[in-house]
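A.B. asks:
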Amino acid sequence: MKRLLKPGGILIIIDLEMAIWNRDGSDPWLNLPTMCSYTERVFKGLLSQGIDLSGMPLTGTWLREMGGFSDVEDTVTSIPVGDWEQDELQKEIGIMMRDNIVSVLFSTHPLWRRAGKSPEEIERLVESARQELFSGYQIFTRLFYTFARKEMEAFDDEIGDFMMD
Numbered sequence: 003m004k005r006l007l008k009p010g011g012i013l014i015i016i017d018l019e020m021a022i023w024n025r026d027g028s029d030p031w032l033n034l035p036t037m038c039s040y041t042e043r044v045f046k047g048l049l050s051q052g053i054d055l056s057g058m059p060l061t062g063t064w065l066r067e068m069g070g071f072s073d074v075e076d077t078v079t080s081i082p083v084g085d086w087e088q089d090e091l092q093k094e095i096g097i098m099m100r101d102n103i104v105s106v107l108f109s110t111h112p113l114w115r116r117a118g119k120s121p122e123e124i125e126r127l128v129e130s131a132r133q134e135l136f137s138g139y140q141i142f143t144r145l146f147y148t149f150a151r152k153e154m155e156a157f158d159d160e161i162g163d164f165m166m167d
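Using my numbering, the letters of the sequence shown map in sequence onto residues 3 to 167.
Here is the structure:
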């Protein structure tokens, strides 16, 4: 990333966490077992392919440790899932987030077929997860933002190193 940015260039990384949380802090496995199981299975499937989505909370720390970046800011925010929020904008965002998750459920049919599930089992899984998402539970997911600026000196050092070789 650093090598591709111009001096003073801005790096922006934004991604959703692959998890769902209860607003009241209770264990989501108690009221959302299908969604939790589904999320865990997809996470493990991606991990087996070398894709580790658990690093989002650490991105800002990694950039600070790597050096060459200034103004590193990392933020996490909650996104409602469903229409439970009182604020109209948050309610709209929550409905869109729930719809997005339902779309993801449908898009992973090939993953489940490769895992040996029958079409009927997949449909039951998706329907059970949809029921949980529309059950009225106050749930949310988290969005991680990391912003950083490539330092001007880092560019000068890289050019100097290149010219010396």
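Where is the CB? At the ideal position from N, CA and C, for every residue including glycine. Given the structure is predicted, the values throughout are model-derived calculations rather than measurements.
1. Who are the near neighbours of M32 in its chain, counting only those whose CB is closer than 7 angstroms to its CB and skipping five residues on each side?
2. What residues are listed by DSSP as bridge partners for L145?
3. In whole angstroms, give me the CA-to-CA distance for R126 and W86.
4. Between the alpha carbons of V44 and Y139, how many angstroms are there, rounded?
5. Is it true that the region 22–38 meets the region 112–131, where meeting means three or more beta-carbon pairs spaced less than 8 angstroms apart?
6. Per the DSSP calculation, L13 is bridged to which residue(s)?
7. Going by beta carbon distance, what residues of the same chain come within less than 7 angstroms of D17, once the five residues before and after it are set aside?
8. Within its chain, find whatever has a CB closer than 6 angstroms to the CB of T79; leave out the 5 residues flanking it on each side and keep chain order.
9. So who's on the other strand from S72, going by DSSP bridges?
10. 9 angstroms is my cut-off, CB to CB: does D85 come that close to chain D?
11. Any heavy atom of the ligand HEM inside 8 angstroms of the beta-carbon of V44?
12. DSSP puts W23 in a beta bridge; with which residues?
13. Does DSSP put W86 in a helix, in a strand, or in coil?
14. Excluding five sequence neighbours on each side, which residues of the same chain lie with their C-beta closer than 8 angstroms to the C-beta of I124?
C.D. replies: Reading it off the structure:
1. The sequence given here has Leu at residue 32, not Met. Excluding sequence neighbours, L32 sits near nothing in its chain.
2. L18, T79
3. 25 angstroms
4. 22 angstroms
5. Here the region 22–38 makes contact with the region 112–131; the two share three or more CB pairs at distances below 8 angstroms.
6. A150
7. M58, F146
8. L145
9. R151
10. Here chain D cannot be found, since the structure has a single protein chain.
11. Summarising the ligand content, the structure contains no ligands, and the ligand HEM is consequently not present.
12. F142
13. coil
14. H111, W114, R115
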